[in-house]
Structure formats: structure tokens, C-alpha cells
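Residue numbers for the sequence shown follow my numbering, so the first one is 177 and each next one is one higher.
Here a beta-carbon is modelled for each residue, glycine too, at the ideal position from N, C-alpha and C.
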Amino acid sequence: AGHLVRFVLNYTLQVAQWAIVIPEVPLDIWITLLALHIVIHRVPFVPSRGLVFMSAGVGLSGALQIPEAALGSMLLAQTLLDRVLNLLTYAGTSVLDAATVDDHEELKDLSLPDELA
């Protein structure tokens, strides 16, 4: 139940974000774009899914009657923000982890034995 709530809330906020940025596009078009987003993000072994989605979205912008430049810039900004937030989260947790390790000798104890390395 928790995953369903997270799924619905996350994608509802996603559509709301798109609708705020480009308000002249009807809701059914955003739902179509959301379906494309979900499918692309579920395909395994695709590096940089955000850029693949951006390319597919811009490619379909004519058929969906969305301004190509506005959609492309919105999706590029979204991908850039996602990458920056991922980097900041990684850097923050790395710094926090390094600051909480009091004894660096403990880290040596966690390494593989010489015969396995």
C-alpha cells in the first residue's frame, strides 16, 4: 500500500509540475507524457533515462501539440536538477559518513581478508 501511495503522489506532483510550467497544455496530454515517462523509467539497462525521456518527449511534442522549445527546456531543467540533487545527496552523505567514523582502524577491520582479495 505504501508503494502505491508513493507512486501516485510522486507522479501526481510530476504532472502538477509540468502543468504549472506549461499551463496551456490540457491534462490528457500530460497524462500521455506521464505514461511515456513511466515506461522509459521502467526499462532496465538504459543509462541516463532522463535524457532518453527528454529526447522522446521532444520527438513527440509535435504530435502532442506541446511547444517543442518549452517542453525541451523544462525536461532539461528537470534532468539537471535531478542530477545536481543526486550529487549533493551523495556528497552530503559521504561527508556525514566520514565525520561520524571516529576510529579509522575500524574501517580496516571491514576489509576483505588477504586470501580473498
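For Ala-177, the three-state secondary structure derived from DSSP is coil.
For Val-234, the enclosing alpha helix (DSSP H) stretches over residues 225-240. Note on geometry: alpha-carbon atoms of Leu-247 and Thr-276 lie some 43 angstroms from one another. In this structure, the alpha-carbon of Leu-236 lies about 12 angstroms from that of Val-228. Separation of Met-250 and Asn-186 (C-alpha to C-alpha, rounded to the nearest whole angstrom) is 17 angstroms.
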